[in-house]
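In the numbering used here, the protein residues as written are 1 to 426.
Note that CB positions come from ideal geometry on N, CA and C, so glycine has one too.
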Amino acid sequence: MSRRPAIRGERLLGHLDRFAAIGATAKGGVNRQALTQGDREARALLADLAGARGFAVRQDEAANLFLRREGTDTGLPPLLIGSHLDTQPTGGRFDGALGVLAAFEVLEALEDASFRSPRAAEVAVWTNEEGSRFAPGAMGSQAFAARLLPAEWRDARAPDGARLGDELAATIASLPAPFAPLGFPIAAYLELHIEQGPVLEREDTPIGAVTGIQGTLWLEVELTGQAAHAGTTPLDFRRDPMRAAVAVLDEFYRTVMPSDPDARFTVGRIEAQPGSVNAVPERVRFTIDLRHPDATVLAHLAGRIRDVCEQACAQAGCAFSIHRLVDMPPTAFPEEMVERVEASARRAGLASRRIVSGAFHDALYLARCAPAAMIFCPCRDGISHNEAEHVEPRFVLAGASVLLETALSMIDTVEPMFDGPTRVTV
Ligand SMILES: [Zn+2]
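Right, dumping it as structure tokens:
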């Protein structure tokens, strides 16, 4: 007779401590970048823990790692639950690791209770989510969803000179585990992650039911005028791209975010050429990072940038060009999946609220090949990608409990999760 599975908080917190020690920094953070020795050590530890519980360990050609607890009907595609173990160079203990270790705790809870379900539950550890050592980020989940590891990615170089293809091969070779096919069929995907923002903590809401991931547009704007002497050139004779750039940026700083709480507008890089104190610049180049959950609004804002550049350049006698560096449409998770997370939170006796993810996640790519859902839990001061990243133990337990509840609702059935394509891209 099986018992109802339950999260064992001390075990999960203990695992979080144990993994945080791999690549630990002096300031209490973690430096465990993708495909480094530390990353391999963390994978090996997880594979050992899985082996000890009798879970099957596999990896694919993108070095994604899988730990599977079999269901009674071995023909059914598994429920995949995952996140990543790699970190930023000055990363924290929870970004990624929480999702992986809570997923592993779900498997252990099922095993503790001798819970028999038709469908297998399988933990996924996605390779190189952070993208800080090799571009692009979310490499493993992208390759899984597309069932393809693009050949050119293998030639990507880390700042330390290492080639991705070599590091992948060495990482795979370091773990004696059989191969899984890249992009094997799955029933659905779940991911628990820290919010990386302040909303849940501010409201003391333990669970965020993530409705989707906002769209991102990265633009590089180049304004061209004419270099001239700073002391001798009167206003009428200037074709000053800095004046145009300031007008464009002023317009957007004043209007975009103040009038729309869902919009994000950031200028993180600006340069003037030739960059001389006493010369009107010939060229000003700046980047714009624009994000919004609504594709229509995003497209409208992009159009406005063009209009405002046109106006400002006409006034300043300059020309302009705009290049799209990244154009990632918003992704909405299926409503059924969001409701499933909300219902699981209710069953666990925990308050939840709907929330849009401001950051990329592996779930963004998994949503392209299966019904996907994300659960957020609060992190202190909304801080992440930082050694000070912290999650209160009660929120760790809340997140893991809702992950378990949601997983239970999905493995204890032989029904397909949903029919047809599940990707909803607005
Ligand atoms: Zn992450």
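So for residue i, helix, strand or coil by DSSP?
{"i": "Ser-409", "result": "helix"}
{"i": "Gly-208", "result": "strand"}
{"i": "Ala-188", "result": "strand"}
{"i": "Val-30", "result": "strand"}
{"i": "Asp-260", "result": "coil"}
{"i": "Val-414", "result": "coil"}
{"i": "Ile-383", "result": "coil"}
{"i": "Leu-168", "result": "helix"}
{"i": "Cys-313", "result": "helix"}
{"i": "Ser-321", "result": "strand"}
{"i": "Trp-218", "result": "strand"}
{"i": "Leu-223", "result": "strand"}
{"i": "Phe-134", "result": "coil"}
{"i": "Asp-17", "result": "helix"}
{"i": "Ala-244", "result": "helix"}
{"i": "Thr-255", "result": "helix"}
{"i": "Ala-151", "result": "helix"}
{"i": "Asp-160", "result": "coil"}
{"i": "Val-396", "result": "helix"}
{"i": "Ala-120", "result": "coil"}
{"i": "Ala-177", "result": "coil"}
{"i": "Ala-145", "result": "helix"}
{"i": "Gly-420", "result": "Confidence is the limiting factor: at Gly-420 the pLDDT is only 41, short of 50, which leaves the residue's position unreliable, though a coordinate-based value still follows. Reduced to three states, the DSSP call for Gly-420 is coil."}
{"i": "Val-199", "result": "helix"}
{"i": "Val-402", "result": "helix"}
{"i": "Thr-425", "result": "Caution is warranted here: a pLDDT of 33 is assigned to Thr-425, below 50, making its placement in the model unreliable, and the coordinate value is therefore given only provisionally. Thr-425 falls in the strand class under three-state DSSP."}
Is the closest heavy atom of ligand 1 to the C-beta of residue i under 6 Å?
{"i": "Gly-28", "result": "no"}
{"i": "Asp-95", "result": "yes"}
When burial is assigned at 16 or more other CB atoms within 10 Å of the CB, is residue i buried or exposed?
{"i": "Glu-10", "result": "exposed"}
{"i": "Leu-223", "result": "buried"}
{"i": "Gln-33", "result": "buried"}
{"i": "Tyr-189", "result": "buried"}
{"i": "Leu-404", "result": "buried"}
{"i": "Asn-128", "result": "buried"}
{"i": "His-229", "result": "exposed"}
{"i": "Val-277", "result": "exposed"}
{"i": "Ile-22", "result": "buried"}
{"i": "Asp-412", "result": "exposed"}
{"i": "Val-326", "result": "exposed"}
{"i": "His-300", "result": "exposed"}
{"i": "Tyr-253", "result": "exposed"}
{"i": "Ser-433", "result": "With the chain represented from 1 up to 426, any question about residue 433 goes unanswered, as that position is not in the structure."}
{"i": "Glu-335", "result": "exposed"}
{"i": "Asp-419", "result": "Here the model assigns Asp-419 a pLDDT of 49, short of 50, so the residue's position is not dependable and the matter cannot be decided."}
{"i": "Gly-38", "result": "buried"}
Rounded to whole angstroms, how far is the Cβ of residue i from the Cβ of residue j, which I believe are closer than 8 Å?
{"i": "Cys-309", "j": "Val-267", "result": "Actually they do not touch by this definition, with Cβ atoms about 13 Å apart."}
{"i": "Val-221", "j": "Phe-286", "result": "6 Å"}
{"i": "Val-341", "j": "Ile-194", "result": "The pair is not a contact, with the Cβ atoms about 16 Å apart (cut-off 8 Å)."}
{"i": "Val-106", "j": "His-84", "result": "Not a contact, Cβ separation roughly 17 Å."}
{"i": "Gly-140", "j": "Ala-62", "result": "5 Å"}
{"i": "Ile-7", "j": "Ala-145", "result": "Incorrect: roughly 28 Å between the Cβ atoms, too far for contact."}
{"i": "Pro-206", "j": "Leu-350", "result": "5 Å"}
{"i": "Pro-78", "j": "Ala-120", "result": "4 Å"}
{"i": "Val-256", "j": "Ala-245", "result": "Going by Cβ atoms, the distance from Val-256 to Ala-245 rounds to 16 Å, so no, they are not a contact pair."}
{"i": "Met-242", "j": "Ala-279", "result": "At roughly 11 Å, the Cβ-Cβ gap does not stay under 8 Å, so Met-242 and Ala-279 are not in contact."}
{"i": "Arg-353", "j": "Gly-212", "result": "With a Cβ gap of about 14 Å, Arg-353 and Gly-212 do not count as contacting."}
{"i": "Ile-355", "j": "Phe-333", "result": "About 11 Å separates the two Cβ atoms, so there is no contact after all."}
{"i": "Arg-91", "j": "Gly-131", "result": "At residue 91 the sequence reads Gly, which differs from the Arg that was named. Not a contact, Cβ separation roughly 12 Å."}
{"i": "Ala-370", "j": "Ile-186", "result": "5 Å"}
Does any residue of chain D have a CB that is nearer than 7 Å to the CB of residue i?
{"i": "Ala-187", "result": "In the structure shown, chain D does not exist; there is a single protein chain."}
Looking at ligand 3, does it come within less than 6 Å of residue i, judged from the CB to the closest heavy atom?
{"i": "Phe-55", "result": "Ligands in the displayed structure: ligand 1; ligand 3 is not one of them."}
At what residue ranges does the segment 42-116 contain a whole run of the alpha helix (DSSP H), taking only runs of 4 or more?
97-112
List in chain order: all unbroken beta strand (DSSP E) runs of 3+ residues lying wholly within the segment 270-311.
270-273, 283-292
Let me know the alpha helix (DSSP H) ranges lying completely inside the segment 332-369, each 4 residues or longer, listed in chain order.
Those alpha helix (DSSP H) runs which fall completely within the segment 332-369 and span 4+ residues are 335-347, 362-366.
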